[in-house]
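Working notes, structure below.
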Amino acid sequence: MNLGENPTLSEKVEPDTELKTWLVNYVGGKSKPEDNQVTVENIVEVMAKDFPEFLMAIAEENWIRGYHQAMVDLNESQTKNSTTDKEWKEGYDDWKDKKDE
């Protein structure tokens with residue numbers, strides 16, 4: 002997948018629930034797509050204009066969750082590859098004993 006493109010945006014939205022039916026009709030009336038097919042991108046564009054605080058709440062939540070997961074992953078990778086204080090002290094003590102011999 003190209004990181005600059007999200008293939009989900011071009012997907013046609015199937016009005017298979019009451020909310021989707023309402024939303025597809027609303028967005029279709031606002032954006033008037035040439036092929037009469039409402040896509041996820043059409044919905045995002047209309048939501049950005051008509052209800053930006055909703056999209057901002059989702060974007061902020063995704064950013065926070067992504068940042069948190071990155072920190073968890075980084076911490077786990079550092080923990081796996083790092084020396085504990087006890088291991089460091091044992092290694093230092095061994096080195097010091099050898100040095101003093």
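Here the working numbering is used: the first residue of the sequence shown is 2, the next is one more, and so on.
For every residue, glycine included, the Cβ atom is placed at its ideal position computed from N, Cα and C.
What first and last residue would you give for the alpha helix (DSSP H) that runs through residue i?
i: LYS31; result: 19 to 32
Counting only beta-carbon separations shorter than 8 Å, does residue i have a partner in chain C?
i: GLU88; result: Checking the listed chains, one finds no chain C in this structure; it contains a single protein chain.
Measuring alpha carbon to alpha carbon, tell me which residue in the options is nearest residue i.
i: VAL25; options: ASP36, LEU75 and ASN43; result: ASN43
i: GLU12; options: SER32, THR18, LEU20 and VAL39; result: VAL39
i: ASN7; options: TYR27, PRO34, VAL41 and TRP89; result: VAL41
Residue i bridges to which residues according to DSSP?
i: THR40; result: LYS13
Problem set entry | alpha helix (DSSP H) runs contained entirely in the region 48 to 98, provided each spans 4 or more residues | 53 to 82
For this session: Report yes or no: do three or more beta-carbon pairs, one from the region 34 to 52 and one from the region 64 to 75, lie closer than 8 Å?
Result: no
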